[in-house]
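Student:
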DNA sequence: GGAACGCATTGATTTACATCAAACCATCCG
DNA sequence: CGGATGGTTTGATGTAAATCAATGCGTTCC
């Protein structure tokens, strides 16, 4: 599945800019790098039909590109990098509701406004579609609709797991669950198995906002896990999982 | 929309039983009471095609009818009553991930096993479909697929709100948000506006498991809200909202 | 009637995590 | 180089909510 034809848009490049001093973009040149993305669903032959609707956009680390509550004009397919999705309270408290990696769709909401914000964690490439053309697109490509339903169902399952984590798990259980999830995500087909080595693209602050904890608690918990021989905390964003079983026991709540 | 043709299955009744001493069921007689359900999507003319697939089931209060992790054989459409959906940890901690009211679909998961449990809060009626026939159903009724995607998107938005609540809100904010949600849910088109009177079908324990709190904290918080003149706590499951603005301020975190 | 049960309320105490605070350590940059 | 900056770690203290515990109050059922 990983050697499927890369999907080339044949139109002439056009540049657009996001935000002040923002990212430059061209028409999507390789809109699908993994079997889960748009192009693999609708097939390379259909691409010319999309070329005036889809634009590839490169978003630098830290830049937001969906604002919670803003009119929902576009619809995105992540093609590389990691995106954080979040909701915020008026006083600044934040909850990251998920991290979107290549293949994920953003902006499905039926509402006319985005229900969440989105920001690039590292350098991100997305394919951007106009939501106006969404209905036509779905009518023309039934497979896309099936794919979106599948994606939404998967996200719903992930959301339910996260609600269990946020509502009922302790700090240690949360961090253990997170690390295991990240490990599983990095072991998807097409990725070489990395022997427990993880490169988390997000900061401690992001992890804290994802797990409903503070930066300090995340840091302390990782230190404790290190002291227990469960993990190794490397420079920068590297973490190595030394004992999956120990983390499993923790994550399941069999303290 | 509320006076649409009721959708009659014309087949002869058949009885089935759920669990020991369980509920009796017939073929679905009125599978749609609200514009969101299956029958309103596919239309009364198509019903005969479904009559061998859909079975109406009546589930008594407290009875579980989906077990987390069990093979996902069926797919449900709630037609009356309230269902609680939950996930549990091995040691018994529970998180209710949502309450499903008439019109909601259950068991969409792409996985072969249910990702959550489901239990009737009060007396519940559901339309039950075999998941084997789901794919055919979707192929035959594109509108149903569009409807399911819409439903899944809405649930995703609700799930994100709940993650913000569970991860970042205080107990008071959680209870205030819950009461407002319940009020909005009871004010859907087709319902008479009830002047702040709510009849919550679920126990304090259910509310606690939904909000990631304990029974005691929910009870204390309601008592505190009563002392602040925000609500009136009636006998049984009745709660009257006396000041929506006060609850709004609380729920938004403008403490 | 009155035991037994489930559910709710209220009080006393404990605790896991947040908050406040300080130091550490890269990288960047004039 | 040396000082800012942004992220991380570690320590001391505070607190919101959990836990432990007792009481109340309808229902059900001998």
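Chains as they are written, first to last, in our numbering: chain L, 1 to 255; chain E, 1001 to 1255.
Each residue gets a CB set at the ideal place from its N, CA and C atoms; glycine is no exception.
Would residue 1160 of chain E count as contacting chain L if we go by Cβ distances under 8 Å?
Tutor: Chain L contact via Cβ: present.
Student: Would you check if the segment 193-213 of chain L and the segment 237-248 of chain L touch, i.e. whether three or more CB-CB distances between them fall below 8 Å?
Tutor: Contact between the segment 237-248 of chain L and the segment 193-213 of chain L is present, because at least three Cβ pairs lie under 8 Å.
Student: Which whole-angstrom value is the C-beta distance of residue 126 of chain L and residue 76 of chain L, which I expect to be below 8 Å?
Tutor: Sure, about 4 Å apart at Cβ, within 8 Å.
Student: Looking only at C-alpha atoms, which of L:210, L:173, L:204 sits nearest to residue 230 of chain L?
Tutor: Of the listed residues, the one whose Cα sits closest to residue 230 of chain L is L:173.
Student: Considering only the beta carbon of each residue, do residue 178 of chain L and residue 215 of chain L sit closer than 8 Å?
Tutor: No, Cβ-Cβ distance for residue 178 of chain L and residue 215 of chain L is not below 8 Å.
Student: Taking CB distances under 8 Å as the criterion, tell me whether residue 1145 of chain E reaches chain L.
Tutor: Yes, residue 1145 of chain E lies at the interface with chain L (some Cβ there is under 8 Å from its Cβ).
Student: Provide the residue(s) that pair with residue 124 of chain L in DSSP beta bridges, ordered along the chain.
Tutor: Note: residue 124 of chain L sits in a beta bridge opposite L:59.
Student: For residue 91 of chain L and residue 212 of chain L, what's the separation of their Cα atoms in angstroms?
Tutor: Cα to Cα, residue 91 of chain L sits roughly 16 Å from residue 212 of chain L.
Student: Have a look at residue 103 of chain L and residue 1233 of chain E and give me their C-alpha separation to the nearest angstrom.
Tutor: For residue 103 of chain L and residue 1233 of chain E, the distance between alpha carbons rounds to 48 Å.
Student: Out of E:1088, E:1130, E:1100, which has the shortest C-alpha to C-alpha gap to residue 1080 of chain E?
Tutor: With distances taken between Cα atoms, residue 1080 of chain E lies closest to E:1100.
Student: Should residue 1244 of chain E be flagged as near chain L, meaning a C-beta pair shorter than 8 Å?
Tutor: Chain L contact via Cβ: absent.
Student: Find the residues of chain E that neighbour residue 148 of chain L, judging by a C-beta separation of less than 8 Å, and give them in chain order.
Tutor: By Cβ distance, chain E contributes 1149.
Student: Give a yes or no on whether the minimum CB-CB distance between residue 97 of chain L and chain E is below 8 Å.
Tutor: Answer yes: the Cβ-Cβ gap between residue 97 of chain L and chain E drops below 8 Å somewhere.
Student: Which of the three DSSP states is assigned to residue 1199 of chain E in this structure?
Tutor: Residue state, collapsed to three classes: strand.
Student: Please check if any C-beta of chain L sits within less than 8 Å of the C-beta of residue 1087 of chain E.
Tutor: So, interface residue.
Student: Shortest alpha-carbon distance to residue 1176 of chain E belongs to which of E:1164, E:1110, E:1250?
Tutor: It is E:1250.
Student: What residues are listed by DSSP as bridge partners for residue 74 of chain L?
Tutor: The partner list for residue 74 of chain L (beta bridge, DSSP) reads L:130.
Student: When burial is assigned at 16 or more other CB atoms within 10 Å of the CB, is residue 227 of chain L buried or exposed?
Tutor: By the 10 Å Cβ count, residue 227 of chain L comes out exposed.
Student: Between the beta-carbon of residue 258 of chain L and the beta-carbon of residue 98 of chain L, is there less than 8 Å?
Tutor: What the structure shows of chain L is the stretch from 1 to 255, and residue 258 of chain L is not part of that stretch, so it cannot be assessed.
Student: Could you check whether the Cβ of residue 93 of chain L sits closer than 8 Å to any Cβ belonging to chain E?
Tutor: At least one chain E Cβ lies under 8 Å of residue 93 of chain L.
Student: In angstroms with no decimal places, state the Cα-to-Cα distance between residue 1070 of chain E and residue 55 of chain L.
Tutor: Taking the straight line from one Cα to the other gives about 43 Å.
Student: With a threshold of 8 Å between beta carbons, is residue 163 of chain L in contact with chain E?
Tutor: Closer than 8 Å to some Cβ of chain E, the Cβ of residue 163 of chain L qualifies, so yes.
Student: Return the chain-ordered list of same chain residues with a C-beta closer than 7 Å to the C-beta of residue 74 of chain L, the five sequence neighbours on each side being excluded.
Tutor: Closer than 7 Å at the Cβ level, and outside the excluded window around residue 74 of chain L, lie 107, 128, 129, 130, 131.
Student: Tell me the DSSP bridge mates of residue 1113 of chain E?
Tutor: Paired residues: E:1071.
Student: Output the distance between the C-alpha atoms of residue 1218 of chain E and residue 1210 of chain E, rounded to the nearest integer angstrom.
Tutor: One C-alpha to the other measures close to 11 Å.
Student: Over what stretch of residues does the beta strand (DSSP E) that includes residue 1178 of chain E continue unbroken?
Tutor: Careful: residue 1178 of chain E lies outside any beta strand (DSSP E), inside the alpha helix (DSSP H) at 1171-1186.
Student: At the 8 Å Cβ level, is residue 1141 of chain E part of the contact set with chain L, yes or no?
Tutor: With 8 Å as the cut-off, residue 1141 of chain E does not count as an interface residue toward chain L.
Student: Taking residue 110 of chain L as the reference, give the member of E:1150, E:1093, E:1134 with the closest Cα.
Tutor: For the residues E:1150, E:1093, E:1134, the minimum Cα distance to residue 110 of chain L belongs to E:1150.
Student: Helix, strand or coil, according to DSSP, for residue 1235 of chain E in the structure here?
Tutor: Looking at residue 1235 of chain E - three-state DSSP - the assignment turns out to be coil, as it is neither helix nor strand.
Student: Which partner residues does residue 1095 of chain E have in the DSSP bridge list?
Tutor: Residue 1095 of chain E is bridged to E:1087.
Student: In chain L, which residues lie with their C-beta within 9 Å of the C-beta of residue 1071 of chain E?
Tutor: In chain order: nothing, as chain L lies at least about 16 Å away.
Student: Give every residue of the same chain whose Cβ lies closer than 7 Å to the Cβ of residue 1245 of chain E, excluding the five residues on either side of it in the sequence, and list them in chain order.
Tutor: Result list for residue 1245 of chain E: empty, nothing under 7 Å.
Student: Among all the DSSP beta bridges, which residues are the ones paired with residue 80 of chain L?
Tutor: According to DSSP, residue 80 of chain L bridges with L:125.
Student: Under a CB-based cut-off of 8 Å, is residue 254 of chain L close to chain E?
Tutor: Interface residue, yes.
Student: To the nearest angstrom, report how far apart residue 62 of chain L and residue 1195 of chain E are at their CA atoms.
Tutor: Spanning the two alpha carbons is a distance of roughly 46 Å.
Student: Between which two residues does the beta strand (DSSP E) holding residue 1064 of chain E run?
Tutor: Run containing residue 1064 of chain E: 1064-1066, per the beta strand (DSSP E) assignment.
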